[in-house]
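What follows is a short report on a single structure.
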Amino acid sequence: MENYNRFLSKLLRYLATAILLCVGASTYANEILDVRWNEGPNNTRVVIDLSSQAEYKYGILNNPPRVYLDLKNTKLNKKLSLGKVKNRILKNIRHAARGEDGYRIVLDLHEPISPHIFRLKPYPPFGHRLVVDLSAPIELEECSSNTEPHSDVVVVIDPGHGGEDPGALGSNKLMEKTVNLAISFIVRDIIEAQSGFKVVMTRDADYEVPLETRRDIALRERAHLFVSIHADSFTNPKPRGASIFVLGSSAAQRELDNWLAKNQNSPAWTGGVASWVNSRCFEDPELYSFLNNLASDVVLENSVDVGKAVLHQLSLVSRLHPRALNRDSRDFRVTDSRYVVLKSTHVPSLLIETGFLSNPQDAALLANPSHRQRVGQAIAHGILKYFCDNPPWHTDLSDGSIECELQTTVAEYAVRAGDTLSEIAHEYGVTVAMLRAVNNITGSDIYTGQLLKIPSQMTTN
């Protein structure tokens with residue numbers, strides 16, 4: 000009996016210790032890894048990065064206005080470095096431990112706002128997240144009935160992804176959304192420097208925009224061209240090179256029918272940061288009357304032509320993916336696509352893949368600001384060259400009020416086995432004499448690996 004009592008006593012002590020250990024382990028089942036925020040046109044998003052899924056409750060307080068979040072079974076992983084908040088919605092972020100096993104985060108606001116709070120599952124490079132969207136009250140614009148033609152050529156530039164949607168993740172941890180925005184700024188600045196052109200960005204910072212809203216912006220602006228800039232990725236690291244997508248003729252008509260029937264695809268998207276476009280303007284097909292109303296085959300033809308012009312310029316500064324080349328005809332080729340963002344077939348549209356982030360060489364190039372500058376210049380020059388040669392009806396370019404003054408650029412080409420000067424000249428739209436003159440070549444001999452300077456025919460005067 001005595002032995003039994005000693006055994007029972009030890010068992011109880013063991014169980015008590017185990018219970019304490021379990022309680023201790025569950026007290027801090029979650030950790031706050033970071034707190035960050037970004038600002039959209041009429042919204043601010045606060046993101047709490049966590050080690051596991053959040054258990055939380057929240058409340059809204061006034062005098063002064065603020066929102067608090069109480070995270071259960073949570074502790075701070077490290078000291079947070081939030082910096083000074085400069086925001087027209089969010090005034091300050093405060094945080095502190097609450098009770099024995101909780102943590103409170105307080106969002107001080109400039110005015111009372113009802114938050115939209117939701118969880119996001121891990122998506123590389125992000126882990127578990129608790130998201131707080133703060134939307135300022137706005138008056139949505141009235142639906143446009145303007146039928147007056149633009150005097151400027153209007154180009155909508157769409158930096159793909161953004162915010163909690165990073166896009167592809169490079170082999171060097173480079174995020175696609177970062178590359179897209181950096182190149183888009185370069186394209187914008189070069190195009191806007193030319194008289195007779197106007198650029199509209201779907202986003203100009205690190206926030207999310209729904210795919211439908213990106214298309215709606217092009218419709219609202221009655222754009223002459225919509226350009227979505229991306230970087231590609233694949234399951235193995237071998238594919239590399241730039242390419243351009245448009246909708247094929249059958250796909251274009253099918254998607255136009257679907258759009259008008261309110262049957263467009265619903266993309267997986269995490270958020271409402273871009274409510275600054277009045278989507279009600281795009282629900283009634285009758286409201287399309289203010290557009291140029293190009294036939295779908297004309298839209299496709301224009302998309303293909305401007306796509307080839309951009310590919311020509313990209314080929315001077317970057318490797319092209321094989322799908323972007325017609326080897327037999329030495330011509331450039333755009334590819335049929337089912338991308339949701341291209342399905343507004345009223346507006347000539349391109350989706351440009353600037354390279355493969357899954358390829359180490361392409362990823363290293365796209366991380367290089369000098370290469371991004373060259374790629375952005377090539378995209379902008381291709382667009383400018385196309386519209387200077389084909390000015391849209393009723394613009395200042397078409398009536399001669401403004402003349403294009405495009406600069407000639409020079410790029411390099413690495414000679415491949417079997418290349419000849421005449422073939423290279425034909426591929427890049429220059430003469431053999433120009434190649435010889437620029438490269439100080441007296442005959443026709445070239446060698447594999449030789450770097451040739453290629454004069455780009457940008458000047459249209």
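First residue of the sequence shown? That's 0 in numbering that gives the first Met the number 0, and the numbers climb one at a time after it. Idealized CB from N, CA, C, for every residue including glycine.
Report the rounded CA-to-CA distance for residue i versus residue j, giving the unit in angstroms.
{"i": "K197", "j": "S242", "result": "25 Å"}
{"i": "F386", "j": "V152", "result": "8 Å"}
{"i": "K120", "j": "L168", "result": "17 Å"}
{"i": "I156", "j": "N301", "result": "17 Å"}
{"i": "P347", "j": "L224", "result": "5 Å"}
{"i": "Y102", "j": "S134", "result": "25 Å"}
{"i": "P165", "j": "V178", "result": "10 Å"}
{"i": "G58", "j": "L68", "result": "7 Å"}
{"i": "F355", "j": "R239", "result": "5 Å"}
{"i": "A308", "j": "V431", "result": "20 Å"}
{"i": "D205", "j": "R44", "result": "10 Å"}
{"i": "P123", "j": "V316", "result": "30 Å"}
{"i": "L450", "j": "N438", "result": "9 Å"}
{"i": "G375", "j": "T334", "result": "20 Å"}
{"i": "T212", "j": "A362", "result": "29 Å"}
{"i": "K74", "j": "M200", "result": "40 Å"}
{"i": "I445", "j": "F331", "result": "24 Å"}
{"i": "G442", "j": "R435", "result": "8 Å"}
{"i": "N61", "j": "G126", "result": "32 Å"}
{"i": "H370", "j": "I351", "result": "16 Å"}
{"i": "I112", "j": "P64", "result": "8 Å"}
{"i": "L108", "j": "P359", "result": "44 Å"}
{"i": "I440", "j": "D388", "result": "31 Å"}
{"i": "N37", "j": "G162", "result": "8 Å"}
So, helix, strand or coil for residue i, using DSSP?
{"i": "S134", "result": "strand"}
{"i": "Y385", "result": "helix"}
{"i": "N91", "result": "strand"}
{"i": "H370", "result": "helix"}
{"i": "L255", "result": "The predicted model places L255 with a pLDDT of 42, which falls under 50 and marks its position as unreliable, so this point remains unresolved."}
{"i": "R435", "result": "helix"}
{"i": "G101", "result": "strand"}
{"i": "S302", "result": "helix"}
{"i": "V65", "result": "In the sequence as presented, Val is not what sits at residue 65; that position holds Arg. Correct three-state label for R65: strand."}
{"i": "K71", "result": "strand"}
{"i": "A413", "result": "strand"}
{"i": "H229", "result": "strand"}
{"i": "I423", "result": "helix"}
Are the Cβ atoms of residue i and residue j separated by less than 8 Å?
{"i": "L49", "j": "L129", "result": "yes"}
{"i": "I228", "j": "S170", "result": "no"}
{"i": "I378", "j": "V186", "result": "yes"}
{"i": "R35", "j": "H149", "result": "no"}
{"i": "P390", "j": "L396", "result": "yes"}
{"i": "G159", "j": "E147", "result": "no"}
{"i": "V131", "j": "I116", "result": "yes"}
Note down, one range per segment and in chain order, each alpha helix (DSSP H) of at least 4 residues found wholly within the segment 146-226. 175-191 and 210-219
Okay, do the segment 213-222 and the segment 49-63 touch, 3+ Cβ pairs below 8 Å being the bar? no
The segment 183-190 in contact with the segment 232-242 per 3-pair CB rule at 8 Å: no
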